[in-house]
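All residue numbers for the sequence shown refer to my numbering, where the first residue is 212 and numbers rise by one.
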Amino acid sequence: MSRITELRASLDKKLDALEHQALALEAQLTQTKDQAMQRLEQRKQQLRDLLTQVQADVQKSKEMAEQAKTEVQARLEHLQVQLALGKADARDTFEEQRAKILKALNEFESVADQKLKGASFESGRVWEDLVGQTSRLEAEFEALRGRFQSEKAKQQVTLESTKQELLSKLMSFQDQLKAKRVVVQAKADVLETDLREGLDQIKAGVKRLFE
Numbered sequence: 212m213s214r215i216t217e218l219r220a221s222l223d224k225k226l227d228a229l230e231h232q233a234l235a236l237e238a239q240l241t242q243t244k245d246q247a248m249q250r251l252e253q254r255k256q257q258l259r260d261l262l263t264q265v266q267a268d269v270q271k272s273k274e275m276a277e278q279a280k281t282e283v284q285a286r287l288e289h290l291q292v293q294l295a296l297g298k299a300d301a302r303d304t305f306e307e308q309r310a311k312i313l314k315a316l317n318e319f320e321s322v323a324d325q326k327l328k329g330a331s332f333e334s335g336r337v338w339e340d341l342v343g344q345t346s347r348l349e350a351e352f353e354a355l356r357g358r359f360q361s362e363k364a365k366q367q368v369t370l371e372s373t374k375q376e377l378l379s380k381l382m383s384f385q386d387q388l389k390a391k392r393v394v395v396q397a398k399a400d401v402l403e404t405d406l407r408e409g410l411d412q413i414k415a416g417v418k419r420l421f422e
């Protein structure tokens with residue numbers, strides 16, 4: 212199992228991913244669409260900053276063959292280009308940009324798993340940070356998709372009431388998540404399934420809100 216795959220499969224990172232999704236959903240319910248778009252741009256920039264550090268580490272590495280460095284650098288540069296694209300305000304361009312970024316990210320991770328396995332870097336926590344930043348970005352992308360759906364005519368009072376109800380559920384979910392983090396590893400699979408089912412119900416409510 213590669214380092215990235217190993218980290219994604221760990222209990223801590225699975226719980227982190229659920230927390231990132233919950234926070235992204237909360238932002239969709241409490242912020243305007245423009246604010247949510249800016250939040251996504253911030254996540255993209257944070258990942259770009261981290262990738263710049265990864266790029267520097269790869270260049271300095273004495274454990275990697277030059278060919279391996281070249282392959283990794285090529286994927287890094289391609290991912291950086293996709294992340295540097297400006298805000299996508301329309302639904303079609305948003306979906307296109309999202310697909311390109313996630314594809315470039317998967318391609319980079321695949322090459323990194325193969326070529327950088329066992330390599331040590333000055334930044335130390337580079338893979339943990341990478342998994343964390345990509346998890347945050349993926350959560351923002353997923354949460355924003357609902358905002359690009361055509362909004363049906365709804366009374367504002369009903370809309371706000373639904374928002375408050377969903378926010379209350381999200382707050383409760385996040386409290387549960389914090390409590391579950393102390394549960395022993397042996398119960399990890401059941402724990403994650405229970406939490407994911409709860410979050411999926413809230414996601415469905417958010418999706419209906421913006422349809």
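No residue lacks a Cβ here, since even glycine has one placed at the ideal position from N, Cα and C.
About 14 Å separates the beta carbon of Leu406 from that of Leu236, a gap too long to meet the 8 Å contact definition. Here the alpha carbon of Glu403 sits roughly 22 Å from the alpha carbon of Lys418. Around the beta carbon of Val292, fewer than 16 other beta carbons sit within 10 angstroms, so the residue counts as exposed. Burial check for Gln249: the Cβ neighbour count within 10 Å stays below 16, so the residue is exposed. Ranked by Cα distance from Ser346, the options Leu388, Thr263, Lys224 are led by Lys224.
In the structure shown, the three-state DSSP call for Ala276 is coil. According to the DSSP assignment, Leu262 belongs to the alpha helix (DSSP H) that extends over 244-271. Annotation note: the segment 301-331 contains the following uninterrupted alpha helix (DSSP H) runs of length 4 or greater, listed N- to C-terminal: 302-326. In this structure, Ala233 and Leu388 form a Cβ contact; the two beta carbons are roughly 7 Å apart against a cut-off of 8 Å.
Boundaries of the alpha helix (DSSP H) harbouring Phe352: 337-356, taken from the DSSP string. Burial is judged here by how many other beta carbons sit within 10 angstroms of a residue's own beta carbon; Ala310 has fewer than 16 and is exposed. For Asp324 and Ala279, the gap between their C-alpha atoms comes out near 11 Å. Judged by their CB atoms, Phe359 and Leu313 are not nearer to each other than the 9 Å cut-off. The Cβ atoms of Val322 and Arg356 do not sit closer than 9 Å to each other.
The residue from Ser383, Leu341, Gly343, Lys255 with its alpha-carbon nearest to that of Ala295 is Lys255. Distances from the CA of Gly416 to each of Ser372, Arg392, Asp386 were compared; the closest alpha carbon is that of Ser372. Bounds of any alpha helix (DSSP H) do not take in Leu296, whose DSSP letter is neither H nor E. In the three-state scheme derived from DSSP, where H, G and I count as helix and E and B as strand, Arg392 is classed as coil. Counting only residues of its own chain and dropping the five nearest sequence neighbours on each side, Leu290 has a CB closer than 8 Å to the CB of Leu262, Ile312, Ala315, Leu316, Glu318, Phe319.
Leaving aside the five residues that flank Val283 on each side, the residues in its chain whose CB is nearer than 7 Å to its CB run, in chain order, Val269, Val322, Ala323, Lys326, Leu327. Burial of Gln344 is indicated by the presence of at least 16 other C-beta atoms within 10 angstroms of its C-beta.
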